[in-house]
Structures are given as C-alpha cells and as structure tokens.
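Read through the structure below, which is laid out as structure tokens, and then see the notes.
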Amino acid sequence: MSDWSRAASAHPAEDLALSVETLSGNRGLQIEEKLIFEQDSWGHCGVDLPEPAPFRSRLGGLDRQGAIGLPGLSEPQVVRHFTRLSQKNYAIDSGLYPLGSCTMKHNPRLNEKLARLPGLADIHPLQPISTVPGALELIDTLAHWLKTLTGMPAIALSPAAGAHGELCGIMSIRAALEARGDRRSRVLVPESAHGTNPATAAACGYTVDQIPANVGGRVDRAALEAKLGTDVAALMLTNPNTCGLFENEILDIAAAVHATGAFFYCDGANFNAIVGRVRPADLGIDCMHLNLHKTFSTPHGGGGPGSGPVALGASLAPYAPLPWLVHGEEGLELIEHRTGPAERALGRLKGFHGQMGMFVRALAYMMSHGADGLRQVAEDAVLNANYLRACLQGDLSGPFPGYCMHEVLFDDRFLKDTGVTTLDFAKALIDEGYHPMTMYFPLIVHGALLIEPTETESKASLDQFVTVVKALASAARSGDTARFHAAPIRTPRRRLDETAAARNPVLRWRPEPLRQHAAE
Amino acid sequence: MRYLPLTERDRAEMLGAVGVDSIEALFTDVPDAARLDEPVDLPTAKGEIEVERLISRMAARNVAAGSVPFFVGGGLYRHHIPAAVDHLIQRGEFLTSYTPYQPEVSQGTLQYLFEFQTQVALLTGMEVANASLYDGATACAEAAMMANRVTGRRKAVLSGGVHPHYREVCETYARFVGFELLAQDPAPGGGENLAGLVDHDTSCVVVQNPDFYGEARDFSELARICHDAGALLVIVVTEILSLGAIRPPGEMGADIVAAEGQSLGNALNFGGPHVGLFATRDKFVRQMPGRLVGQTVDVAGRRGWVLTLSTREQHIRRDKATSNICTNSGLCALAFAIHLALLGEAGLRRLARLNHAAAVALAERLGRIPGVNLVNRTLFNEFVLQLPRPAAEIVEALAVKGVLAGIPVSRFYPDRKELANLLLVAATEMVITEDMDRLEQGLREILS
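Line order of the protein sequences matches chains A and B. By this note's numbering, the letter at position 504 of the first sequence is numbered 504, and the numbering carries on one by one without gaps. One rule links them: number in this note's numbering = place in the second sequence (from 1) + 1000.
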C-alpha cells in the first residue's frame, strides 16, 4: 500500500467508489482494454487484399524470414480497440483544457474536411510542379496572411513544429552573422522561457546565458543590457511572455539588442494574445516562429503533428531554408536549390515542402475569422484570461500585479501550510472533470499554475470552472486534504508511478517467454 | 463569428468584472507605436460555404494522384488507407487532446503510443523505438547526432543511396550543430565503397534500404566493419512497407533505424505532415531523441503508461537536452498504428507482395521498350530507368497526356549531367494494369 491509497481511506465516499468491484473489471463507460498484442488475434486481417499472381521476386535473396510478431485483427476489433482507447482521453472536444502556453482552442471541423480534399491530400510533393498550381497558390495565400499579420517581409514555411521553427530562426541568424564574418558565442534567454529556447540555442553551438525576471514578471532590462555585448548573437524572448505578460519595454530591448549587432528572436508561442492587434515587426523583432497548432487552431492530435513557420525580417530573409516559393515572371515558382534569389538560402530543414495539411487548416481558420475576427480572437482570449484572473485572485495567489494577456499565472502561496501541493491541486481538478492547467511552469514562480482558457470558451464555461477552483481552494484551506492527496480517483488510472517507469524502462510489449529471458 | 462563444453582453459583463471600461485597457502594456487601431489589410470573416468554395477551387487546380495513372514515389508512396483509419483518428478524444503530460486522463494516447513503439520495434527488428519524430528526414539527422553522442566522435559518412532531401537536411544540421558529414555522390545501382571510409574517427555510416534508387541492399558486412571501428550503422528506410518483405535493419546489424512511416495510414499531403520513425538498441536508449512512453503501475497496482526518461528532454534539461524536439507526430503515429493493426502480419506481408509484384511487372514491361534500360539489379516497389533523353522533359510530356510517370532524378541533382536521363518510377497496390498500359504506351509514343 502506498501513501496515496492510505490517504484515500480517510474519505468514505472515495472508499466506496474504489471498492465497488464489477464482475468484468470494467466500470460503466470505462472499459479495461488489453494491448493489441494481447488480444489473441494472430493471423486475422482487417483488410481484404488479393494475392498477387505468381511472379519472380527481385529482392536479391533479402527476403524477410521468420515471423515479425504483429497481431492481426478484424475491422470491428480494431475499431472497438481504438474507440475504447479514445474514451480514456481528455480533449478540448470534451471540456475546458486550460493548459497555459499551449493554446488549447476549438479545432474547427471545416478545416479537417478541407485538408482531406483529394486535390490537397492526394497530391505528391514531387509530381511535376505544372500539375499542382493550386497547391502553390494555397501556400502563397497562407504566406500572405502570415506576412500581413506579422508585418514581416518573408516567411519560412517548412519547419514542422515550434521547436523546429526555433532551430530555423537561430540557424538563419547564425548564417547571417557568418556572412558578415561575425562569429558570436552567446544567446540570451530569459529564465521564464520555454525549455526549447535554451535547447535550440545550445544545439546550434551557442552558450546560453540566462536573464532574470524583474519583480513585475518581465525581463529585467538592466540585467539584460549588462549581459549584452558583441559576442551575443541573439536574444530569444517570448512575447507575451510565459507569465502571461506583455513585455512593455520591448522597443527599448529591441534597440539595445540591435545596438550591439545582435538579432532579436521572438518565440511566438503566445501570438494568440496579440494576433490582429500587434504586428511583431512593429516591435523590432527580426525573426519569430508561429505555432499553427496554437494560434491558428490546427489540432494538437495528442502531441503533434505541428507546424512552425518562421517570419523573417529583411536582414534574415536571404537565409530562409529551402524550398522557396517566389513570384516569378511566369507566376509562382518553387525554388528547390540554392540558385537565383535563393543563393544564400539555408539548406533543407525537413523533407519535401512543409506541413501542407496544417497549412490548409490554418488558412481555412484565418479565412473564416478574417482580419476582423482574428482581432476579436486576441481580444476574447485576453478578456477570458483576465476574467478568470478577476474571479480567482481573491482565492488563489498571483505573483505579479496588473492585468494579464491571454493566460493568467498563479503561484502556490495560497496553498501554504495546507499540505496540498500544486500537483495535488491539479489532480483534484481532474476529479472535477477538468484537464489541469500547466503546472510548475514557468520556473521563476514557485509551484506555478498557468491558466490559458482561450477565446473559444463561453462565459458559462468559465463561470463553472471558477466555481470549482474556488471550492477546491476553500477545501484545501479548510484542511480537507485527503481528496487532494488521493486524487484523481475517478479516472481510468489513478496516479502513476513515474519514478519506477524511468528506473526500469519498459518501452514496448514483449511476449511472455522473451520477457522472462530478458529478465535473466 | 461561429467559433467565438462570447456575446456582446458577455463581454460587457466580463469587462465590468475585470474592472475596466473597454478591451483597450487590457492592451495598455503594448507600446502605443505598435498598437493597431484597425484590422490589418486582409479579407473579413467568411462563412463555411464561402471558405469551402475558395479552398476547393485551389484544390481543383491540382492533379490528384487518384485521378491519373500515378507512379511517383521518392520517399512518399500512394497506398490504400482503410476507411476505418481516418474515422478513428478524427475522434475528438484523439484529435483534440494535447501531449499526454497528465497520464491519468491520457491513457488512450499513451497506450496507443506504447503499441506504436512496439510495432516499430518489431517491424525494424530493433529493440526499442520512440513515440515518433517529425518525419524521416529529420529522424535521419537526429540519428547522426545521436551517433555522435554515443561514440563521442563527430564524423558521419552518408551513402549516396540516401534520399537527397534527407542528405540535405543532414547537411544543414551538420553545418550548424557542428559535425563533419562525408556525403557520397549519388550512386544509382550501388557500387560505392563505404567500408573504405570508416575509420576510428567515424561516428556512423548512414545508408538507406531499399536505397533512394529502389535497390534492396544487404548491409550486414558494412555493419561488421562499422562495429570493428567503434562506429554505428544507421539504416534509413523511406518505404516502411518494404519491411513486410525485406530482411529488417535489425537483422543486418543496424544500431539506429531512422524511417518515414507515411506509407502506413498517412496520405501524401503534398509532403506533410508525416511520421518519423526512430528505433535503436536498448543500450542506447538514454541517448535517444524524442518522446518515449513507458509502462508502469498506478497507486492501486494497475498497469498504466506514462511519458518516461524525460530527463533527456528540453523541458527538463533545457540547454543540456539530447535534442530540442518537443512535438512528436502523434496523430500520424496513430494512423500508422491503426493501419498496421488492421493489416496484421498476414496483411502486411500480402500488401508488400502486391507492391513488389506490381513493380516487378512494370519494370519488366518498361525495360523492354527500345532505348529504355532498367538500372536496378534488385528492387522492391520502385526502380530507376535510364532513358535515351532527359527524363524531366519526358515526365512533362507524359503529364500532358495525363500520366504522372515518376520523378526525374535531375529534380534533385540539376547540375549532374550523368543523372539527367534517369527516371525514378514507383508502383504500389494502387496501380492497375490499365495504368501500366497507359504509361508504357505513352513512353513508347514519346520515345518513338
């Protein structure tokens, strides 16, 4: 018995919920589901295919021998298996998903429909360019929207995700510096940054120098300026930052960065707060990635695929990665090699031309909203976050004064001496039917709880969430801690032992005899 | 606007609760000079009908693969995707969930990723696989960087048989990440001496099977040579279906497999999104990039799954992480897992045989055309033809006749005259005899 399950027995109602055993092991809509490898379905096939007529193999004697070990299931078994698995997931479709910095907004289904049109889904990136003018038109239209919204002259579309976009941005900065014979060694990153920022800078060969935050939760400008020097290649700044605050000294910061010859990289993960209201180019930014899966509503899909286009200023545009789409004399041209205007281009960062399926969805999203609607997106996202802030600030504890942008940050002072941690609080929210907020990030705040409701939540939805969070805060203060320590109990699984998983990694299924063998 | 639930009344009430008069008051941290007072110069909001019409018009200008005889491959292949795949991946619980950081409410995603990892390990013949990377090309670059970490060396040898896009991605990463890449000249038909390039500074040799030109190759001897020199062998697979027929990399002695999984469950999508597969040996697992799902138990002792070994990753290790990767390709990995579950062992092998049979039949037919020579000695579902004239113009001429014949190798290597007449042709289970007739007839007409 672990501490958690002992704690559970302090609460009679929970004991009941846990102790009622069913004959099948299933509980109502929650069905225990074995792995596909354990379903005793060897030899079945869920796809009817003809057997080819006899022919002479040309594999050169490299035929695969022996069993691969893959189970085969009929279609109804497969559909049931994955349907049951889906029912063990929380999703935006099922409820508020207030993960800060992740922008879990509604994913419009029109976008899914359009991305599946044969003229967009069933085309190959290497078929003759003369047979895909509509694809180039769509990419060019998307680029036009993104360039207009950012105010930047160029956009690199091939990066596959935000972190990949960061890589693209820092590589183009290094290429631009090298082109002027300027070898620099440091990249400045605020302490509140996403982990990908320092990881990206380090991957590109730079030493990462951290900038502390000031008491207001923004970059400490004096500390930043003290660290600037001619060996600094770039500042990587998230704006609005991960505390949900707009960096109000950004113009001065940009000027200081540029004065030393460095570039200003912006992590655009939080662009949703300002889309249509602020153009990054007007903030002095040289380079910024956009997460199409955040601001532009392409589905997160349980962790990808994403898409991370990078907006580039004039000084970095020549170093955009291949391929390039340009307006030539005969219309749109796809440049796949370092020739003509793309002579100084970075090489490829990804196979083919980028995440086309995500481009379609993002463009459909932007066209649906229009310039006016996108502005409303930012306004409603900011309003929703501030509404939560106003409703919750009396019960939770906010580390920084003033209004927030699209997400609101709390720390764990409101849990002081209650015996309840941020983790416990988040897990208790799960029992109330909510996905928790982002926990313990940003790192500069103790026990952080970062809440991003997005603009696609109704007021009623926010009000219900507020009621639940307030009640939980009150329960924690009143010493009703057992429910927190036991939580979650109403989920397919209760708290999982992550330490054991890492200490003795089991990363795949193995048949029983092999598993025994491996243990010997 | 149909996606925004707040009404004007809600907004007014909420502004009141916040204690401000207008929304402008919440944007005062933005410097005046940077605040836009008007919407940007772009079209205004549109309903579903209009957006669908505009984007459908763009789609209609493209020649869809399914509408013509289609023989384009080169790392992405047009296969049948069972209807159940697309239905299941569009379930909102899969489509609209985030990375499974809260495992108690993400067991669905975690379990299918665990199944996916097992499927990839079995297919490649390796011990362990991750929960996917962006695509095959970036997986290939990550493999070279991982080999550098494992061996403590910084020189990778890249075969001329590796997909040119993969090679270019490796070159980009090598330049900025800082390692030496000895990329060999393109080698249609094989015949390169990789073994002679392996020395005690070599971190890895990167090869592809079947190679970019469709040749199935045995790398067992190269694996032995690499291991004798303390280097790793990385095998790239761009047509994952081939492993239903060909001896897997694990049995050839590969240390890392970097592959593209598009062929299972994923449409062509004009090049993305797809799914990078990454597999290795147990002993290297802590040097792997990307997410990993591991098995564990909950407090009640029941089996469950979590993201694990995250001390390798950027959100924990920041500038000391093994890779800057955050996202994987979750939904594409799900499509892969569902398709492979439907096929099963018998279906996968039969599908591979169908592909092989189609390509063998097509290669024999086209190889008999006067002036056309089959370059390959071996092949799976793709091969190279040597034509009497530049392949690019022949492909264009055939496209005018409504046949997408394949890829001129010159599209990747425009400056290499010796490759100008080479045409890369793929045939999958989607190709029917009539399609082959049209291609053969068209080619005969153009060459006569």
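For each residue, glycine too, the CB sits at the ideal point set by N, CA and C.
In this chain, the beta strand (DSSP E) harbouring E1260(B) covers 1256 to 1260. The stretch 239 to 294 of chain A is shown to contain whole alpha helix (DSSP H) runs of 4 or more residues at 250 to 259, in chain order.
Interface annotation, W509(A): in contact with chain B, CB-CB separation under 7 Å. Of all residues in the stretch 364 to 376 of chain A, only A364, M367, S368, H369, G370, A371, D372, G373, R375, Q376 come within less than 7 Å of chain B when Cβ atoms are compared, listed by chain position. Close partners of S192(A) in chain B (Cβ separation under 9 Å) are lacking, with about 12 Å as the shortest Cβ gap. Of all C-beta pairs linking the stretch 1200 to 1212 of chain B to the stretch 1226 to 1238 of chain B, three or more are shorter than 8 Å, placing the two stretches in contact.
When the beta-carbon positions are compared, N291(A) and G302(A) stay at least 7 Å from each other. Residues of chain B with a Cβ closer than 8 Å to the Cβ of S458(A) are, in chain order, P1005, L1006, D1010. With a beta-carbon spacing of about 19 Å, F1380(B) and P1186(B) fall beyond the 8 Å limit used to define contacts.
Proximity of T421(A) to chain B, defined by a Cβ-Cβ separation below 7 Å, is not satisfied. Look at I1055(B) here: in three-state DSSP terms it is helix. Judged by their CB atoms, I1240(B) and S1263(B) are nearer to each other than the 7 Å cut-off. Using a C-beta cut-off of 8 Å, the stretch 405 to 413 of chain A makes contact with the stretch 445 to 454 of chain A, since at least three inter-stretch Cβ pairs fall below that distance. Distances from the CA of C1326(B) to each of P488(A), T22(A), T200(A), L99(A) were compared; the closest alpha carbon is that of T200(A). A residue is called buried when at least 16 other Cβ atoms come within 10 angstroms of its Cβ; K416(A) does not meet this threshold and is exposed. A471(A) is classed as exposed because its beta carbon has fewer than 16 other beta carbons within 10 Å across all chains shown.
In the displayed model, T499(A) falls within a helix according to three-state DSSP. Between M236(A) and V189(A), the gap from beta carbon to beta carbon is short of 7 Å.
Within chain B, the residues whose beta carbon sits less than 9 Å from that of L114(A) are V1051, E1052, I1055, S1056, A1059, listed in sequence order. Scanning its chain for C-beta atoms nearer than 6 Å, with the 5 sequence neighbours on each side dropped, one finds around E32(A) the residues G25, N26, in chain order.
By the neighbour-count criterion, in which 16 or more other beta carbons inside 10 Å mark a residue as buried, K294(A) falls on the buried side. Put simply, the backbone Cα of V215(A) is about 32 Å away from that of F296(A). Judged by beta-carbon spacing, R1350(B) lies within the 7 Å limit of L49(A), meaning their Cβ atoms are closer than that value.
Under the 7 Å criterion on CB atoms, P1249(B) is classed as non-interfacial with respect to chain A.
Identification of chain A residues near C1326(B) by a Cβ-Cβ cut-off of 7 Å yields A161, G162, A163, T196, ordered along the chain. Annotated three-state conformation of V47(A) is coil, per DSSP. Nearest neighbour of L346(A) by Cα position, chosen from R84(A), E333(A), L316(A), F359(A), turns out to be L316(A). If you ignore the 5 residues before and after A426(A), its C-beta comes within less than 8 Å of the C-beta of P436, M437, M439, L449, all in its own chain and listed in chain order. In the structure shown, S172(A) falls within a helical segment according to DSSP collapsed to helix, strand and coil. Non-local beta-carbon contacts of I36(A) in its own chain, meaning distances under 7 Å to residues more than five positions away in sequence, involve P71, L73, H81 in chain order. The beta carbon of L1026(B) is closer than 8 Å to those of V1018, V1020 in its chain, skipping five residues each way along the sequence. DSSP places S1203(B) inside the beta strand (DSSP E), whose first and last residues are 1202 to 1208.
A buried status is given to Q127(A), since no fewer than 16 other beta-carbon atoms sit within 10 Å of its beta-carbon.
When only Cα atoms are considered, Q1287(B) and S1310(B) end up about 11 Å apart.
Around the beta carbon of K34(A), fewer than 16 other beta carbons sit within 10 angstroms, so the residue counts as exposed. Within the same chain, Cβ atoms closer than 7 Å to the Cβ of T260(A) are found at L228, G229, T230, V232, the five residues on either side in sequence being excluded.
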